[in-house]
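Residue numbers (the working numbering): 2 to 90.
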């Protein structure tokens, strides 16, 4: 069986998926949904508000150049994830 569903339409290219479709998949699923692909500090709050995923996965959205993670961008991403979670309370 499966423990969760990972929604990543970008396949590592950093392309933003249609979050409304992701939300519908989450609503229809009995499994937790993890959202990935095209996420960055600038859009993670909206992604969480729209999709309401169990978790998120980020990679290229916090890179200063290909393959190089940016500590400031990572901190900002985490700050905005936490802020979006507080908005849900």
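Glycine residues also receive a C-beta, built at the ideal position from the N, C-alpha and C atoms.
(1) Hey, would you say the C-beta of residue 27 is under 7 Å away from at least one heavy atom of the ligand NAP?
(2) Can you pull the DSSP bridge partners for residue 99?
(3) What is the DSSP secondary structure of residue 56, counted as helix, strand or coil?
(4) Near residue 80, what residues of its chain come up, given a Cβ to Cβ distance below 6 Å and the 5 sequence neighbours on each side ignored?
(5) Could you pull the start and end residues of the beta strand (DSSP E) that residue 37 belongs to?
So, from the data block:
(1) The ligand NAP is not among the ligands present in this structure, which contains no ligands whatsoever.
(2) In the structure as shown, the chain begins at 2 and stops at 90. Residue 99 is therefore absent and cannot be evaluated.
(3) Taking the first residue of the chain shown as position 1, residue 56 is located at position 55. Note: residue 56 maps to strand in three-state DSSP.
(4) Mapped onto the chain shown, residue 80 falls at position 79. Correct list: empty, nothing qualifies.
(5) Here the question's residue 37 lines up with position 36 in the chain shown. Start and end: 34 to 37.
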